[in-house]
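Going by our numbering, the letters in the sequence shown line up with residues 31 to 251, in that order.
Positions of the beta carbon are idealized from the N, C-alpha and C atoms, including for glycine.
Computed from a prediction, not measured in an experiment: that's the story for all the values here.
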Amino acid sequence: MQKLVDGVHRFQNDVFSTHERFFKRLVEGQKPLALFITCSDSRIDPNMITQTEPGELFILRNAGNIVPTYSNTSSGEAATIEYAVAVLGVQDVIVCGHSHCGAMGALLDPSQVTNLPSVRGWLGHAEATSRIIRENYGHITDPQARLTATVEENVLVQLENLRTHPSVLAAMGRNELRLHGWVYKFETGQVFAFNPQDGQFESVGDQGFEPRPIMPHLRAI
Numbered sequence: 031m032q033k034l035v036d037g038v039h040r041f042q043n044d045v046f047s048t049h050e051r052f053f054k055r056l057v058e059g060q061k062p063l064a065l066f067i068t069c070s071d072s073r074i075d076p077n078m079i080t081q082t083e084p085g086e087l088f089i090l091r092n093a094g095n096i097v098p099t100y101s102n103t104s105s106g107e108a109a110t111i112e113y114a115v116a117v118l119g120v121q122d123v124i125v126c127g128h129s130h131c132g133a134m135g136a137l138l139d140p141s142q143v144t145n146l147p148s149v150r151g152w153l154g155h156a157e158a159t160s161r162i163i164r165e166n167y168g169h170i171t172d173p174q175a176r177l178t179a180t181v182e183e184n185v186l187v188q189l190e191n192l193r194t195h196p197s198v199l200a201a202m203g204r205n206e207l208r209l210h211g212w213v214y215k216f217e218t219g220q221v222f223a224f225n226p227q228d229g230q231f232e233s234v235g236d237q238g239f240e241p242r243p244i245m246p247h248l249r250a251i
């Protein structure tokens, strides 16, 4: 805890005081560039990965970067998505998975969450991911490759779920919203974006890369 308190002191003395005018402008409101949906994993820092400043990303985080399908029962995820799209008018939504994801590992090995009923219930929102891997990826037996495939497929499944939200469908119908699927590899710093033209994830850092918004669909196996 002391490390966190010391960090607050350094922020106030070294960062805030130096950029006080910038931070005070944030009081006027926010106009984020994108809604960034990613995992709660402590090893991921969306602002660091994208080199964005406070106010530029509207961030939604939970275990497994999951987007529950829309229902009449309110949830924090649904409220965040609706507010970002309908009120803040974000033009891009990114669902970003990551390497070595514990939530996706639990999908592959449910025994990991036997004594975690809340986590087990939450992962039910990724049941489609589990079934896709189970039924379509039997040829992949290497544990790491299987986990990577699960992370990637889950991003696409959650993009499908995202399209069930009325605010998202309405904005997409007006061509005012673009959806993107990313995977962050934290051991190399690479970010891979789904390319709908070839049905694969390609490195965002490659020269000549162009972001391609996707109409979510499960890629062919």
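Around the C-beta of P76, 16 or more other C-beta atoms lie within 10 Å, and the residue is accordingly described as buried. In this model, V120 and S160 are separated by some 30 Å (Cα to Cα). Residue pairing by DSSP places E165 opposite no residue, since no beta bridge is assigned to it. Proximity to Y100 across V221, I111, T218, R91 peaks at I111, based on C-alpha coordinates. By DSSP's assignment, V221 forms a beta bridge with Y214. The three-state secondary structure of F231, taken from DSSP, is strand. Shown here for T103: not one same chain residue has a beta carbon closer than 8 Å to its own, the five before and five after excluded.
Membership of G203 in the alpha helix (DSSP H) is indicated by the continuous run 196 to 203. The bridge partners DSSP lists for A64 are L87. In this structure, F224 lies away from F216, with their beta-carbon atoms at least 7 Å apart.
For the options V149, V213, G229, the alpha carbon positioned closest to that of F222 is the one of V213. Note on the region 114 to 145: whole alpha helix (DSSP H) runs with a minimum of 4 residues are 132 to 138, in chain order. The continuous alpha helix (DSSP H) containing M78 extends over residues 76 to 80. Contact check for L177 against L209 fails: the beta carbons are separated by 7 Å or more. In this structure, the CA atom of Q174 is about 10 Å from the CA atom of T180.
Assignment of R208 by DSSP, reduced to helix, strand and coil, places it in the strand class. Counting only residues of its own chain and dropping the five nearest sequence neighbours on each side, P62 has a CB closer than 7 Å to the CB of G85, E86, L87, F88, L118, V120. Beta-bridge partners of N92 (DSSP): C69. By a beta-carbon distance limit of 8 Å, A133 does not contact A108. Their separation comes to about 19 Å.
Less than 7 Å divides the Cβ of N184 from the Cβ of A156.
DSSP places R242 in the coil class of the three-state scheme, outside both helix and strand. Excluding residues up to 5 positions away in sequence, F216 lie with their Cβ nearer than 6 Å to the Cβ of R73 in the same chain.
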